[in-house]
Amino acid sequence: MTDTIARYFAAFNADDTEAMIDCLADDVAHHVNEGNIRIGKAKFRDFCAHMDRCYKENLTDMQIFVSDDGTRAAAEFTVNGTYLATDEGLPEATGQTYKLPAGSFFSLKDGQITRVTTYYNLSDWIKQVSA
Numbered sequence: 001m002t003d004t005i006a007r008y009f010a011a012f013n014a015d016d017t018e019a020m021i022d023c024l025a026d027d028v029a030h031h032v033n034e035g036n037i038r039i040g041k042a043k044f045r046d047f048c049a050h051m052d053r054c055y056k057e058n059l060t061d062m063q064i065f066v067s068d069d070g071t072r073a074a075a076e077f078t079v080n081g082t083y084l085a086t087d088e089g090l091p092e093a094t095g096q097t098y099k100l101p102a103g104s105f106f107s108l109k110d111g112q113i114t115r116v117t118t119y120y121n122l123s124d125w126i127k128q129v130s131a
């Protein structure tokens, strides 16, 4: 299952949403940091389109951990980003850059991701883009 998670993040860094979606189960549960749970590939695709409009991000320092039975995984990484367009309810975007530690948690079944949960410190991000 490490391969599935590695492919997912490689696709993220390549700005290849469809390759990310190929790693997901049809009924994937996407738990967004500070947001609602989104069910299904269509909602995941919509989320990615929004993110691509507002942010340009690359993940580094990737460490992936998978449970012995292959049903759960986690990843720790650094988000290196640029704030491209103002996101609703957040500070105005002027091309600010940011660098944040973050983590994702996954449930896996039959070689596909059935749950993605991502966390980062929103207060830290706001402080960085507001400086």
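Quick note on numbering: this note's numbering labels position 114 of the sequence shown as 114, and the sequence is numbered without any gaps. Using N, Cα and C, we set each Cβ at its ideal position, and we do this for glycine too.
For residue i, write down the residues that DSSP places opposite it in a beta bridge.
{"i": "Ala19", "result": "According to DSSP, Ala19 bridges with nothing at all."}
{"i": "Thr82", "result": "Lys56, Thr97"}
{"i": "Ala102", "result": "Phe77, Tyr120"}
{"i": "Arg45", "result": "Partner(s): none; Arg45 has no beta bridge."}
Within the continuous beta strand (DSSP E) that includes residue i, where are the two ends?
{"i": "Val116", "result": "112-120"}
{"i": "Val28", "result": "24-31"}
With DSSP as the reference, label residue i as helix, strand or coil.
{"i": "Ser128", "result": "Per the sequence shown, residue 128 should be read as Gln rather than Ser. If DSSP states are grouped into helix, strand and coil, Gln128 belongs with the helices."}
{"i": "Ser107", "result": "strand"}
{"i": "Asp69", "result": "coil"}
{"i": "Asp87", "result": "coil"}
Between which two residues does the alpha helix (DSSP H) harbouring residue i extend?
{"i": "Ala6", "result": "2-13"}
Would you grab the beta carbon distance between residue i and residue j for me? Rounded to a whole angstrom, and I think it's under 8 Å.
{"i": "Ala75", "j": "Met62", "result": "6 Å"}
{"i": "Ile126", "j": "Pro101", "result": "15 Å between Cβ atoms; not a contact."}
{"i": "Thr114", "j": "Ala25", "result": "5 Å"}
{"i": "Thr186", "j": "Arg45", "result": "The question about residue 186 has no answer, for the chain in this structure spans 1 to 131."}
In chain order, what residues of the same chain lie with their CB nearer than 8 Å to the CB of residue i, ignoring the 5 residues before and after it?
{"i": "Cys54", "result": "Tyr83, Leu84, Ala85, Thr86, Asp87, Ala93"}
{"i": "Thr60", "result": "Phe77, Thr78, Asn80"}
With a CB to CB cut of under 6 Å and the five nearest residues on each side skipped, what residues in its chain are close to residue i?
{"i": "Thr118", "result": "Asn33, Ser104"}
Please go through the same chain and pick out, in chain order, the residues whose beta-carbon is closer than 7 Å to the beta-carbon of residue i, but skip the five residues on each side of it.
{"i": "Asn121", "result": "Leu100"}
{"i": "Ile64", "result": "Thr2, Ile5, Ala6, Ala73, Ala75"}
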